[in-house]
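See below for the structure under consideration.
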Amino acid sequence: MAVEQLDIHLVLMMPEILVAIMAMALLLLSAWTHKGGAGVIHWLTMMTIVAVVLVIQVGSGTATTFGGQFITDDFSRYVKVVMCLGMVLPVLMSADYIRGHGMDGGEYHVVTMFAMLGGMIMASSGGFLILYLGLELMSLSLYVLAAWRRDDRCSSEAGLKYFVLGSVASGLLLYGISMVYGVTGGTGFAEVASFLGKPEGHGSQLLALGVVMILAGMGFKIAAVPFHMWAPDVYQGAPTPVTAFMSVVPKVAAIAALFRILFDVFPTYHVQWVPILQLFAVLSMAVGAFGGLVQTNIKRLLAYSSIGHVGYMLIGLVANSQAGAQGVLVYITIYLFMTVGVFGLIIAFDRQGLGENISDYQGLARKQPVMAFVMAMFMFSMAGIPPLAGFIGKFSIFMAAVKGGFIPLAVVGVLFSAVGAFYYIRVVKVMYFDQPEGEFKVTLSGGGFIVVSLSLFMIFFWGILPGDLLAWTGASVQAFH
Amino acid sequence: MMVADVIFYLFATVTVLSALGVVGARNPVHSVLFLVLAFFSTAGLFVLMGAEFLAAILVMVYMGAVAILFLFVVMMLDVDFSMLRRESVRYLPMGFVVGAVMLAELGLMMAHHPGEGLHLGLDNTDNTLAIGQALYTRFLYPFEVASLILLVALIGAVALTHRERKRVHRQDISTQLARTKEDAVELRKVASGEGA
Amino acid sequence: MSANLLILLAPLTGALVAGLLGRRIGSGLAIAATITGMLISAWLSIRVFSVVAVGDGPVIREEIFSWIVAGNFNVHFGILIDRITAIMLIVVSGISTLIHIYSIGYMADDPDEPRFFSYLSLFTFAMLALVTSDNFLQLFFGWEGVGLASYLLIGFWYKKESACNAAIKAFLVNRVGDFGFALGIFAIFMVFGTLDYDRVFQMAGAGEFKPTVDFLFFGDVDTITLICLLLFVGAMGKSAQFLLHTWLPDAMEGPTPVSALIHAATMVTAGVFMVCRASPLFELSETALGVVTVVGAVTAVFAASVGLVQNDIKKVIAYSTCSQLGYMFFSAGVSAYAASMFHLMTHAFFKALLFLSAGAVIHAMHHEQDMRRMGGLAKKIPITYGVMMLGTLALTGFPFLAGFYSKDAILESAYAAHTGLGTFAWIMGMLAAVMTTFYSFRLVFMTFHGKPADHHAYSHAHEAPWSMRGPLLVLAVGAVFAGMIGVPLVGEGWFKGAIVLGQGHDALAHAHHVPFWVKWLPFGAFVVGVYLAWLMYVRLPTLPGIVAETFRGTHRFLVNAWYFDRLYDWMFVTMAKKIGEGLWHTGDETIIDGFGVNGAAKMCTRIAGGLRWVQSGYIYHYAFAMIVGVLVLVTVYT
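Quick mapping for you: the protein sequence lines, in order, are chains A, B and C. 1307 is the number of the first residue of the first sequence in the numbering used here; add one for each residue after it. 287 is the number of the first residue of the second sequence in the numbering used here; add one for each residue after it. 3 is the number of the first residue of the third sequence in the numbering used here; add one for each residue after it.
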């Protein structure tokens, strides 16, 4: 049997390889140094990610390797940088949280890096097989991370719940992929797309079933309604840095994968997936808006908030245009900073042994006006109030929807954003207008200070001057359509 | 082809029935044994399709290792399945309806699909070689990623369960060598008649 | 940096200095910083006004920097000063400066003074950005900015529960308006592909757009009508028009200078300003103009009728503001934009005067706002009485004071429109005029005449300090002369290109030729109103009680402001809570917690057992929900 000619260009995969090698090296380091090396591992992780971002920047143009299974292009590079930020900022701000809750020892960093690696693989995937493997790498790491505080019952519960339900979702995804394989005889995106380009590739019901199943599987990863039920429990139960990480990176990765699947593989099936995503979007926005109204735990509140945000991002996908794709990238980038900033503050509260109840924030404005102001800005940004960046995100999404002719969807979106604004404002109200209870002084750690002030700066900067962001994202989505 | 058909339906029926048995058995140990049976008959199906390597893997890995591990876990953890089952009986009708509807829909879809048979694309004579070649060339990248997944599973399992045991006696040579008379022996004056 | 940009930046700098450094540099310096900023801004505004409006200078257009460039979407931050903007600049920066000065006295005892001045300047900045904008997005930026500042200022005394609630209410009601406004802007961009005023108006005038669009389930609707109505929803929210008015009376929980500046003179007029600014669009849609007319006219009567029975001195003035804004809108609705801008300007003076005088009264009475506990104050605080009387006369249209000119211009235009809706508006306007006079003089009589109700407070009443009296006197001068000086505004073509009139929309031009009785009827209304108020509150003080008793149903209907608050509370608050709780109960409690002790929420606190969570049913339920979700998708979409 003849061995086929392989096109392997490892240079293209340098970022991934760097992450994998460093993660394994740090694993060994942590095993050798026992707990003593935790600090070193922490900083080596930071440096690795910085190096990865630099390596990503070196690449240019579009190229594939491993027979098209790995794609590198402007889009994947942009998304990977976002993922690097989504990984490194939570780690940076939570150095002492990790120490304080007995999560140190290096493996935490290693598993986080593997989770991000899974996400990067998904963003660069050129076939369903590798997409699935990247997804599993990421998910498995996340299950472990969610349960990381193993002495905490909530954390263990979160991990297990996430694992079981995630397995169901993976099953659905695999089932969908097998349908696609069964009909088209291939798993590579290019193969499937070329089959669909042919006359016999049209109108297959089994393919439609495959699309539905794949969307269901991916919907779970981004916590889109009706596949969102795990999110509030898991967000609440998981350690806070993990929650911060998992509200950004997996979503970015799954949305990136959806870009490839929907725009590269199934553009001809858009009559199929546009209504499904539309349904996801509307339901997610509704649940996000109403579910948050009655929450008392801030992490749970943010879980509903993230469900809502996913709804808005899906509008961008529904728009099925370059403008929509750009809107999604804009939104998710801004979402990254808003989320990380808020979680930075929650971790600062945790440092004082304060709980995660919204009532713990009572009267913060009187005791620590700066802290309260920063929190209020993040909340206002999440609510989408100009001139903060959250508004730019929503604006680009709605604009794309309107241009794509999805006016009802944009209307519904604006409506739900008005409802959702209520619970963000409620947090502000608690901080500014309620009587403070008890004495405490919340302080940020060094890393936390960097992360929170960076996030604050970004939401103001992009809120007022979003030009650069729009230019970058615009260039990144040139590859589609 | 008649013989092949008969064998196929035999294995297929056994697979489905034993899968039902996994869910339905009262005794958890029986469940695991049904699982073994299901794996075995699936292996038979693989052989029937000419995929003897997969069949062998299934027998060795799933039946030989995974299922046996399950058996250990089930026997060592005293899980009260009857309680669990009582809970789930409440949802049985609902689940049954949903499952039936799903099955009917999928069945209809399959029935409407023009069947052309799967092209396995495997050389019947030596599919171990074929798999090996594909795995280490075309699918090298997925293969490596899969190995990372296993690594993460390993780290996760250790990280989540491994504990420093404080009360276990453990040999630590440097501590033993650093031991001195001063910190090992304590001399006390004990009044006569009052010592323990 | 151009001097025109400095008009905006000076207040912003003041706000930043006072807000960020306020605690460090002390309240004295912080106040000085904001007032310096305001003085610079006001002086520059006057200079610009003299060039653009008094002189015959060209319209000023400046592009400051490029804001968002993405594909064909291009928005810059720019300044446009034509005659509409010039008037707004004078009103905003002038009155804001006076109110800054007034606040020195009013807020003297408040420990959070720097914060207050910072918000006030911030508001001024946003309002100036709103009026100087040359595109719809910047307009929206200013629009939201003033909303934010208003929210912060209403809730300034955050220790007061009612103030917090009022702030949140204002915010939420405005979100409803903003929702429409944002959609309107989207629609403009979708139709015209740009948000620049010049381009949009030029294309609209030339008819370069799709005549109809498909909107929701309404099917094909007229493009311009849709845009105008959506924009108008925003204006209704910001200017507290009928249906979206509920926040304005509650907003009186804020400090009185805030009420004067934001909720009388400037922010609430933003809606009127926007409609006038977008006149090239509104002129193309008879439907939209009709809606504007009707909403304005209804608001004028509605708010005036509620004002008749209020006892809180500030609420009376608040409803009066609401009613006067109604006048401005129906004037715009009959295409007499110039008249509404004129009234906007005069109203800013006399209404700010009224609010600040009310503030002086409240100050004198040690924060008592209930008019029933006042009375006879004319002797104790004669200066305040004098200026308040001037303000009242100006509002009620006493001949040759400010309101006389502008209100008459509006009423005459409505009459001269000779359309059904115009006549409707005219009748409503006349009705509202009678009521206006009645409640205004009721306020004056209850507060300053009669016998003191609270002798303790009465004996301690004192005239306000000079920092408060000064602005009052300046505004009083404005309330007297603004009308006379402003008359040219309603003359032919004073606004040049800033206001565009459609074919045959010449109500204002005909307003000068209405019959004699139409010209003098408003004065008749004034006389009737004063007589009734005098009769009921001076001559026969027992009469109001008897009237209220006789028409009990009507009285309660009015006291409860037509029950709008209750209705909204039931419709939105209760319903939203129900939905939220529904999700919470079914989604969370039944499904998660419903499984007894195994529920996630209780899990964390109650369960001590090791592996008991394995028995829980709720993972099943999550999985079940997923499966059902897939089932529905498969059924519906394949």
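Built from N, CA and C at the ideal position, the CB exists for glycine as well.
Alpha-carbon to alpha-carbon, residue j and residue i
i         : j         : result
Tyr339/C  : Ala305/C  : 22 Å
Phe326/B  : Ala290/B  : 17 Å
Leu1608/A : Gly1598/A : 8 Å
Arg26/C   : Ile106/C  : 19 Å
Arg1455/A : Ser1461/A : 6 Å
Val652/C  : Thr99/C   : Outside the displayed span of chain C (3 to 640) sits residue 652/C, for which this structure offers no information.
Pro517/C  : Pro401/C  : 18 Å
Leu1701/A : Ile190/C  : Looking at the sequence provided, one finds Phe at residue 1701/A rather than Leu. Their backbone Cα atoms lie some 14 Å apart in a straight line.
Val133/C  : Ser281/C  : 15 Å
Gly601/C  : Ala1544/A : Note on Gly601/C: pLDDT 41, under 50, position unreliable in the model; the coordinate value appears next. Answer to the nearest angstrom: the Cα atoms are 16 Å apart.
Asp469/B  : Gln462/B  : 12 Å
Thr15/C   : Tyr1738/A : 24 Å
Trp615/C  : Lys1467/A : Note that Trp615/C scores 33 on pLDDT, short of 50, meaning its location in the model is unreliable; the coordinates nonetheless yield the value given after this. When rounded, the distance between both Cα atoms is 10 Å.
Val274/C  : Lys453/C  : 41 Å
Ala404/C  : His349/C  : 8 Å
Arg1383/A : Ile1362/A : 6 Å
Thr301/B  : Leu1335/A : 47 Å
Val61/C   : Ile89/C   : 13 Å
Minimum Cβ-Cβ distance from residue i to chain B less than 8 Å
i         : result
Ile621/C  : no
Thr225/C  : no
Leu1512/A : yes
Ala1559/A : no
Ile187/C  : no
Ile1427/A : yes
The ligand ADP heavy atom lying under 7 Å from the CB of residue i
i         : result
Thr1354/A : Only the bare structure without any ligand can be found here, which leaves the ligand ADP out of the picture.
Cβ of residue i within 8 Å of any chain C Cβ
i         : result
Gly1710/A : no
Trp1454/A : no
Met361/B  : no
Glu391/B  : yes
Val318/B  : no
For residue i, the residue or residues it bridges with in DSSP
i         : result
Ala258/C  : The identity of residue 258/C in the sequence shown is Thr, whereas the question assumes Ala. DSSP lists no partner for Thr258/C.
Ser1790/A : Any question about residue 1790/A goes unanswered here, given that chain A covers just 1307 to 1787.
Glu65/C   : Gly80/C
Val223/C  : Val215/C
Asp314/C  : Asp372/C
Gly1494/A : Gly1433/A
Asn1663/A : Asn1603/A
Asp198/C  : Asn137/C
Neighbour flag for residue i against chain A, beta carbons, 8 Å
i        : result
Met276/C : no
Gly598/C : Reliability of the predicted coordinates at Gly598/C is poor, the pLDDT of 36 falling under 50, and the value obtained from them is presented with this limitation in mind. Not one chain A Cβ lies under 8 Å of Gly598/C.
Phe229/C : Residue identity differs from the one stated: residue 229/C is Ile in this sequence, not Phe. Answer no: the Cβ-Cβ gap between Ile229/C and chain A never drops below 8 Å.
Ala181/C : The residue you asked about is not Ala; residue 181/C is Phe in the sequence shown. Taking Cβ atoms only, chain A reaches closer than 8 Å to Phe181/C, which makes this a yes.
Leu124/C : no
N-terminal and C-terminal residue of the alpha helix (DSSP H) that residue i is part of
i        : result
Ala341/C : Tyr339 to Ala366
Trp145/C : Phe138 to Ile156
Ala329/B : Pro314 to Leu334
Gly442/B : Leu426 to Thr447
Start and end residues, beta strand (DSSP E) containing residue i
i         : result
Ala1369/A : Ala1369 to Thr1371
Contacts of residue i in chain E (Cβ-Cβ under 7 Å)
i        : result
Tyr427/B : Protein chains A, B and C are contained in the structure displayed, whereas chain E is not.
> Can you list the alpha helix (DSSP H) stretches of 4 or more residues lying completely in the stretch 1713-1771 of chain A, in chain order?
Replying inline: 1713-1739 and 1752-1770
> In chain order, which continuous runs of the alpha helix (DSSP H) of length 4 or greater are located wholly inside the stretch 79-135 of chain C?
Replying inline: 85-108 and 115-134
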